[in-house]
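Working notes for the structure below.
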Amino acid sequence: MDWTPDSWRKFPTRQQPAYRDEAGLRAACALLATLPPLVTSWEIESLKSQLDMAASGETFLLQGGDCAESFDDCTPSAITSRLKVLLQMSLVLTYGTRKRVVRVGRFAGQYAKPRTVDSESRGGVDLPAYRGDNVNGLAFDASVRTPDPLLLLRGHERAAMTLNFVRSLVDGGFADLHHPEYWDLEFVKHSPLSTEYGRMVRSIGESLTFMETLAGMRASQISRVDFFTSHECLLLPYEQALTREVPRRSGWWNLSTHFPWLGMRTAKMGEGHVEYLRGIRNPVAVKVGPTTDIDELLSIIDTLDPQREPGKITIIHRMGAHEILQRLPPVIAAIGATGRKVLWCCDPMHGNTDTVVPASGAGKGVPVKTRKFGHILAEIEQAFEIHGKMGTVLGGVHFELTGENVTECTGGARGLSDEDLARAYRTQVDPRLNYEQALELAMLMSRRMSGGGW
Ligand code: PEP
Ligand code: CO
């Protein structure tokens with residue numbers, strides 16, 4: 013059947029807000045469709061070829077950012093610290109792999125969330141679930157929780173402001189990592205690997221200086237640091253409004269992001285999300301979890317990429333540390349049997365979410381969603397081992413992280429415990445690694461990938 017940007021409307025579709033104001037939704041989308049896009053087709057093509065290289069093991073994908081961005085966090089400091097942690101992680105990974113790292117943020121548009129249940133009930137009151145700042149607000153209040161189509165415009169504007177600032181920072185030499193004081197390495201002291209980490213960071217600084225001396229210019233100018241954007245392809249009216257044709261290239265492009273992904277909850281054959289995604293030229297990632305039906309996954313991949321285009325499909329597996337050993341090999345074998353080349357990327361976050369009830373401290377007795385550093389690490393380690401054994405390449409990782417000093421995941425060199433969680437628990441949805449935990453993970457991976465073991 014012919015594809016059009018709105019052909020998804022003929023299919024059943026999950027995870028869409030129940031907008032009461034349909035005329036308002038139509039008007040917001042009509043306006044969105046006239047606004048400038050956020051990214052360009054040539055950037056998307058460049059990313060696609062870099063993802064193809066990651067699939068072959070020539071480059072390595074680092075994808076990370078908030079579970080959901082919030083409008084309140086569209087601030088210079090939050091954006092700068094997120095960029096800083098991603099950049100530093102990428103340098104650390106380059107150090108270990110000796111490969112270029114492709115940096116993709118979960119930012120500039122990651123404003124919508126899928127939810128397991130449509131409504132939330134408190135004290136006998138039922139309200140629509142919070143679905144991200146693009147849809148409604150977090151406060152448990154009827155007017156705040158009612159989906160508001162105007163938020164799509166507010167989200168698009170914030171995505172544009174975020175990306176505008178990211179691009180300026182990157183162009184303006186933000187990548188100035190020569191100063192050791194720029195790396196906040198306090199936590200390193202708490203790690204048994206502190207000497208090694210110190211050596212790693214010093215050596216990164218020295219190689220930058222060496223390169224600059226050779227080339228006679230600042231490292232930021234030697235090779236422009238690219239940041240690409242990604243978000244879950246969830247709110248189809250929004251995605252449709254940003255789907256455009258461009259001069260001198262054929263096909264349709266989602267110009268709201270470089271790299272949309274299909275979430276676990278909407279990866280269904282014969283439904284709207286797969287229909288929409290099959291028509292765009294962007295590279296597409298597909299989340300794969302313990303409940304994924306492998307035959308259906310193969311059909312989805314065939315539908316999204318019938319031509320087997322290089323760099324088109326990334327599989328983000330998020331099985332959980334306890335299930336990956338059982339669940340991942342059959343997926344690898346099934347895709348391998350089709351002869352397709354895909355980029356394998358490990359998301360060690362979404363299969364490792366626990367609810368704990370702190371026994372003491374400020375959050376005593378209140379259940380809270382968290383993730384253990386040890387589980388995250390264990391899933392990555394197993395992912396490396398499984399791919400190694402099966403002859404496939406683990407070409408990337410996908411993290412939920414923030415550059416801020418939050419306390420949402422436990423463990424790491426500082427040894428955060430359940431009792432610490434209440435101190436700086438700020439996520440509106442899933443728990444994120446903080447700056448130190450994210451950098452420490454990158455250091456451990458770097459060590460592992462350079463042959464040093466964990
Ligand atoms: C996410 O990436 O925030 C998410 C909801 O993931 P998944 O679809 O893998 O559950
Ligand atoms: Co999440």
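Using the numbering used here, read the sequence shown as starting at 13 and increasing by one per residue.
Ideal placement from N, C-alpha and C gives every residue a C-beta, glycine not left out.
Note that the coordinates shown come from a computational prediction; the quantities given were computed from them, not determined experimentally.
{"Query": "Express the C-alpha separation of R38 and R134 in angstroms, rounding to a whole number.", "Result": "32 Å"}
{"Query": "Rounded to whole angstroms, what's the CA-CA distance from S89 to M13? Just pull it up for me.", "Result": "47 Å"}
{"Query": "Are L433 and G375 closer than 8 Å when you measure CB to CB?", "Result": "yes"}
{"Query": "Going by alpha carbons, who is nearest to L445 out of A425, V418, A436, R459?", "Result": "V418"}
{"Query": "On the three-state DSSP scale, how would you describe A172?", "Result": "helix"}
{"Query": "Reducing DSSP to helix, strand and coil, say where G210 ends up.", "Result": "helix"}
{"Query": "Say yes only if the C-beta of D430 is nearer than 7 Å to one or more non-hydrogen atoms of the ligand PEP, and no if none qualify.", "Result": "no"}
{"Query": "Here's a check: name, in chain order, each residue in its chain whose Cβ is nearer than 7 Å to the Cβ of Q449, leaving out the five neighbours to either side.", "Result": "F385, C421, G424"}
{"Query": "For V296, is the classification buried or exposed, using 16 other Cβ atoms within 10 angstroms of its Cβ as the cut-off for buried?", "Result": "buried"}
{"Query": "Indicate, with yes or no, if the ligand PEP has a heavy atom lying under 7 Å from the CB of M6.", "Result": "There is simply no residue 6 to check, as the chain begins at 13 and stops at 466 in what is shown."}
{"Query": "Answer with buried or exposed for Y142, where buried requires no fewer than 16 other C-beta atoms within 10 angstroms of its C-beta.", "Result": "buried"}
{"Query": "Output yes or no for whether 8 Å exceeds the beta carbon distance between P161 and D305.", "Result": "no"}
{"Query": "Could you check what DSSP says for G403 in three-state terms: helix, strand or coil?", "Result": "coil"}
{"Query": "Tell me which same chain residues have a C-beta within less than 6 Å of the C-beta of R261, skipping the five on either side of it?", "Result": "S53"}
{"Query": "I'd like to know if the stretch 205-214 and the stretch 119-132 are in contact, where contact means that at least 3 CB-CB pairs between them fall below 8 Å.", "Result": "no"}
{"Query": "Which first and last residues belong to the alpha helix (DSSP H) in which P272 is found?", "Result": "Element bounds for P272: not the alpha helix (DSSP H) but the beta strand (DSSP E), 271-274."}
{"Query": "Classify V147 as buried or exposed, calling it buried when 16 or more other Cβ atoms lie within 10 Å of its own Cβ.", "Result": "buried"}
{"Query": "Would you report the Cα separation of G108 and Q28, rounded to the nearest angstrom?", "Result": "42 Å"}
{"Query": "Compute the minimum distance between the beta carbon of V6 and the heavy atoms of the ligand CO, and state whether it is under 7 Å.", "Result": "Because the chain spans 13 through 466 in this model, residue 6 falls outside it and cannot be assessed."}
{"Query": "Please determine whether the Cβ atom of D130 lies at a distance below 7 Å from any heavy atom of the ligand PEP.", "Result": "no"}
{"Query": "How close, in whole Å, do the beta carbons of I388 and M361 come, if the pair is a contact with beta carbons under 8 Å?", "Result": "7 Å"}
{"Query": "In whole angstroms, what separates the C-alpha of L246 from that of F152?", "Result": "23 Å"}
{"Query": "Using the three-state DSSP reduction, which class does A40 fall into: helix, strand or coil?", "Result": "helix"}
{"Query": "To the nearest angstrom, how far is it from the Cα of E257 to the Cα of G263?", "Result": "6 Å"}
{"Query": "Would the C-beta of D196 count as close to the ligand CO, meaning under 7 Å from any of its heavy atoms?", "Result": "no"}
{"Query": "Distance check for F199 and T92, CA to CA, integer angstroms please.", "Result": "20 Å"}
{"Query": "Go through its chain and collect everything with a Cβ distance to E308's Cβ below 7 Å, but skip five positions before and after it.", "Result": "M281"}
{"Query": "Work out the CA separation of S462 and T225 for me, nearest whole Å.", "Result": "26 Å"}
{"Query": "Please go through the stretch 303-388 and give each complete beta strand (DSSP E) segment of 3 or more residues, from N-terminal end onward.", "Result": "325-329, 355-358, 366-368, 380-384"}
{"Query": "Going straight from the alpha carbon of L63 to that of P302, what length do you get?", "Result": "24 Å"}
{"Query": "Nearer than 7 Å: is that true of the beta carbon of P126 relative to any heavy atom of the ligand PEP?", "Result": "yes"}
{"Query": "Quick check on this structure: which residue in A40, R277, L47, I312 has the alpha carbon closest to the alpha carbon of S268?", "Result": "L47"}
{"Query": "Out of curiosity, what's the CA-to-CA distance linking T367 and V380?", "Result": "5 Å"}
{"Query": "With the cut-off set at 8 Å, would you say A154 and L139 are in Cβ contact?", "Result": "yes"}
{"Query": "What number of angstroms, rounded off, separates the C-alpha of R293 from the C-alpha of V51?", "Result": "13 Å"}
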